[in-house]
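The next block holds one structure in the form of structure tokens; read it before the comments.
Protein chains: 2
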Amino acid sequence: MTLDSLIVQAASKKGPVVAVASAADREVLEAVSVAIAKGIASFMLFDDEKRIKDLMHTDFPHLIDSEKVSIHHAEDTINAATLSVKAVSSGSAHVLMKGNLATSIILKAVLNGEYGLKTGKILSHVAAFEVPGYNRLLFVTDAAMNIAPDLEAKAQIIRNAVAAAHACGVSEPIVAPLAAVETVNPAMVPTTDAASLVAMNRRGQILGCIVDGPLALDNAVSEKAAAQKGIIGETAGKADILLVPNIEAGNILYKSLMYFANAKVGAIIQGAKAPIVLTSRTDSAESKLYSLALAILSIK
Amino acid sequence: MTLDSLIVQAASKKGPVVAVASAADREVLEAVSVAIAKGIASFMLFDDEKRIKDLMHTDFPHLIDSEKVSIHHAEDTINAATLSVKAVSSGSAHVLMKGNLATSIILKAVLNGEYGLKTGKILSHVAAFEVPGYNRLLFVTDAAMNIAPDLEAKAQIIRNAVAAAHACGVSEPIVAPLAAVETVNPAMVPTTDAASLVAMNRRGQILGCIVDGPLALDNAVSEKAAAQKGIIGETAGKADILLVPNIEAGNILYKSLMYFANAKVGAIIQGAKAPIVLTSRTDSAESKLYSLALAILSIK
Chain B
1 MTLDSLIVQA ASKKGPVVAV ASAADREVLE AVSVAIAKGI ASFMLFDDEK
51 RIKDLMHTDF PHLIDSEKVS IHHAEDTINA ATLSVKAVSS GSAHVLMKGN
101 LATSIILKAV LNGEYGLKTG KILSHVAAFE VPGYNRLLFV TDAAMNIAPD
151 LEAKAQIIRN AVAAAHACGV SEPIVAPLAA VETVNPAMVP TTDAASLVAM
201 NRRGQILGCI VDGPLALDNA VSEKAAAQKG IIGETAGKAD ILLVPNIEAG
251 NILYKSLMYF ANAKVGAIIQ GAKAPIVLTS RTDSAESKLY SLALAILSIK
Chain Y
1 MTLDSLIVQA ASKKGPVVAV ASAADREVLE AVSVAIAKGI ASFMLFDDEK
51 RIKDLMHTDF PHLIDSEKVS IHHAEDTINA ATLSVKAVSS GSAHVLMKGN
101 LATSIILKAV LNGEYGLKTG KILSHVAAFE VPGYNRLLFV TDAAMNIAPD
151 LEAKAQIIRN AVAAAHACGV SEPIVAPLAA VETVNPAMVP TTDAASLVAM
201 NRRGQILGCI VDGPLALDNA VSEKAAAQKG IIGETAGKAD ILLVPNIEAG
251 NILYKSLMYF ANAKVGAIIQ GAKAPIVLTS RTDSAESKLY SLALAILSIK
């Protein structure tokens, strides 16, 4: 499976609408423009109306009369965040996308008790990687949101990632809780948490997947490495979802895949009423498109 | 710089001797044989004399009369560990190498108060990676020894790695304490530790290097990524030594470089009276040779 295939799948969905908070930004409108060209969504753009229109006149004239775009005036970034979140909670839009505003501002609106998108579950980051040499997507979670999740949080992070994998057509993903070793070591919490997560999976507390761990990264992704360590079984070396033990390990894996392994990535926040796309300025246009596709497929 | 260049450098050293604990093993003798062919060391082999000789007769006849090899009878793995460590502490050998025995057995001998190799410093793992597309070696520490080092341990782990970088000819390595973000966040210990390590470097508590952090992996290794984040300076994106915040992050980075980025690696344990090579069965013959070269260059 490739990330491009997610775009094709997303384009077959009926009528998804994305609400963009603070859309008056060249790079954000570029992502909107590409997504519309690929036919994967319509967009509600929240920001200063004049600034959006000026940018469109200058750089995106084809968007001015596009029926795939609607412009909604917001006075500032806080207002844009509030209005875009309300568009999602009211059902007018199905995906929330961060434009040119601070992550903290949009998350504050998402977590608002009155009109926000809370479900009682924790929010977590799910990244889908296409790695050269691997014929399946590798989902990495949580590389960006939860700093040092405890066991309960890890269980929910897995559930959030499993939902994303299902949405991409991976019907029963294999989940590997990663650690530095593949044996249980009482001095290493990631190994004991992994053992508990396997038990939670077997007892029906984590559904729709097979959890197998603890595993070191090589034993999780390489059948050959798993066999060398004597780890044999239907899941060894075949992980679809890599649960990292902490945000540092996740961020390092994420960046290593991008910078050393030339991987491609799309990522979303799961756990809210709707998928959230939190792209940053350093993300490529391609990566923003993959994130949008992943979000659209993950609409509940 | 390449790992092969380390072999060339090591071959120019005068008379290094490696003591091998539990050498009666085909893969261990294969590594010994290759290292001798490259002219980088002589070897003292500790194990059951008959088993070593039988293996040599079968598979390595050229080693039988080699003046680069001496055989020293040991009754079991504990005895082999003791005798090989004593060979190093007495000055007969300059590098300790683990053969076919448990890591715990050889480390117990290393840490013995009477004849061991303790210096008062902590032991730490230093790996030198050659990553396709990178024209310098990337040293990663500590991916295998210290589980969750505190600030003091991190300072010593840096010193150990700096010594290895110096030994490889990197005269003033740039050290990046890695975190998930490049700003100081009181909720993320790796970021506050990084700030302290920078201060320790500026105050002369960590010498022979430039420490700059906190940095995320991309900002540490990519000048372009650093510039995109507005991190400008003579060190941004140019790290030689990557200090990982915990063993999980380190192990994941190590395995990611090996399995996703097709990197090559050599690794040693630093902090004892002599460099220690702790290769494992899953290491390639090439990797064992690089580790030996790194160890020989690191002889004090």
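Residue numbers (this note's numbering), protein chains in the order written: chain B, 1 to 300; chain Y, 1 to 300. Every residue, glycine too, gets a C-beta built ideally from N, C-alpha and C.
- Shown here for residue 141 of chain B: same chain residues with a beta carbon closer than 8 Å to its own, the five before and five after excluded, namely 124, 125, 126, 127, 157, 158, 160, 161, 241, 242, 243, 244 and 250 in chain order.
- Taken in chain order, the members of the segment 245–258 of chain B whose beta-carbon sits within less than 9 Å of a beta-carbon on chain Y are 245, 246, 247, 248, 249, 250, 251, 252, 253, 254, 255, 256, 257 and 258.
- Rounded to the nearest whole angstrom, the C-alpha separation of residue 266 of chain B and residue 180 of chain Y is 18 Å.
- By the neighbour-count criterion, in which 16 or more other beta carbons inside 10 Å mark a residue as buried, residue 216 of chain B falls on the buried side.
- Between residue 177 of chain Y and residue 190 of chain Y, the gap from beta carbon to beta carbon is short of 8 Å.
- Counting only Cβ-Cβ distances below 7 Å, residue 131 of chain Y has contacts in chain B at 260, in chain order.
- Of all residues in the segment 207–232 of chain B, those with a C-beta nearer than 9 Å to a C-beta of chain Y are 216, 217, 218, 219, 220, 221, 222, 225, 228 and 229, reading in chain order.
- Using a Cβ distance threshold of 8 Å, residue 170 of chain B and residue 210 of chain B do not count as a contacting pair.
- Collapsing the DSSP output to three states places residue 145 of chain Y in coil.
- Under the three-state reduction of DSSP output, residue 1 of chain B falls in the coil class, being neither helix nor strand.
- About 20 Å separates the Cβ atoms of residue 268 of chain Y and residue 239 of chain Y, ruling out a contact at the 8 Å cut-off.
- Under the Cβ criterion (8 Å, minimum of three pairs), the segment 40–47 of chain B counts as touching the segment 63–83 of chain B.
- Around the beta-carbon of residue 149 of chain B, 16 or more other beta-carbon atoms lie within 10 Å, marking it buried.
- Less than 8 Å separates the beta-carbon of residue 237 of chain Y from that of residue 226 of chain Y.
- Taking residue 7 of chain Y as the centre and dropping the five residues before and after it, the same chain places the C-beta of 38, 40, 289, 290 and 293 closer than 8 Å to its C-beta, in chain order.
- The C-alpha of residue 275 of chain B is placed about 13 Å away from the C-alpha of residue 87 of chain B.
- Closest by C-alpha distance to residue 118 of chain B, out of B/85, B/229 and B/280, is B/85.
- If you draw a straight line from the Cα of residue 55 of chain B to the Cα of residue 98 of chain B, it comes to about 18 Å.
- Residue environment: residue 135 of chain Y is assigned as exposed (fewer than 16 neighbouring CB atoms within 10 Å of its CB, all protein chains considered).
- In the structure shown, residue 178 of chain Y adopts extended strand secondary structure according to DSSP, grouped into three states.
- Between residue 158 of chain B and chain Y, the shortest Cβ-Cβ separation is not below 8 Å.
- Look at the segment 270–299 of chain B: the residues with a C-beta under 9 Å from a C-beta of chain Y are 281 and 282.
- Residue pairing by DSSP places residue 43 of chain Y opposite Y/18 and Y/69 in a beta bridge.
- DSSP, reduced to helix, strand and coil, places residue 156 of chain Y within a helical segment of the structure shown.
- Less than 8 Å divides the Cβ of residue 53 of chain B from the Cβ of residue 71 of chain B.
- With contacts defined as CB atoms closer than 8 Å, residue 20 of chain B and residue 46 of chain B qualify as a contacting pair.
- Judged by beta-carbon spacing, residue 256 of chain B lies within the 8 Å limit of residue 253 of chain Y, meaning their Cβ atoms are closer than that value.
- Per DSSP, reduced to three states, the secondary structure at residue 124 of chain Y is strand.
- Proximity of chain Y to residue 173 of chain B at the Cβ level (cut-off 7 Å) is not reached, the minimal Cβ distance being about 19 Å.
- The beta carbon of residue 33 of chain Y is closer than 8 Å to those of 60, 62 and 63 in its chain, skipping five residues each way along the sequence.
- Taking 7 Å as the upper bound on Cβ-Cβ separation, chain B lies near residues 187, 188 and 190 of the segment 181–198 of chain Y.
- Judged by their CB atoms, residue 30 of chain B and residue 187 of chain B are not nearer to each other than the 8 Å cut-off.
- Exposed is the label assigned to residue 224 of chain B, since fewer than 16 other Cβ atoms lie within 10 Å of its Cβ.
- Sorting B/145, B/146 and B/130 by C-alpha distance to the C-alpha of residue 139 of chain B places B/130 at the top.
- For the pair residue 220 of chain B and residue 132 of chain B, the CB atoms are not nearer than the 8 Å cut-off.
- Around the C-beta of residue 205 of chain B, fewer than 16 other C-beta atoms lie within 10 Å, and the residue is accordingly described as exposed.
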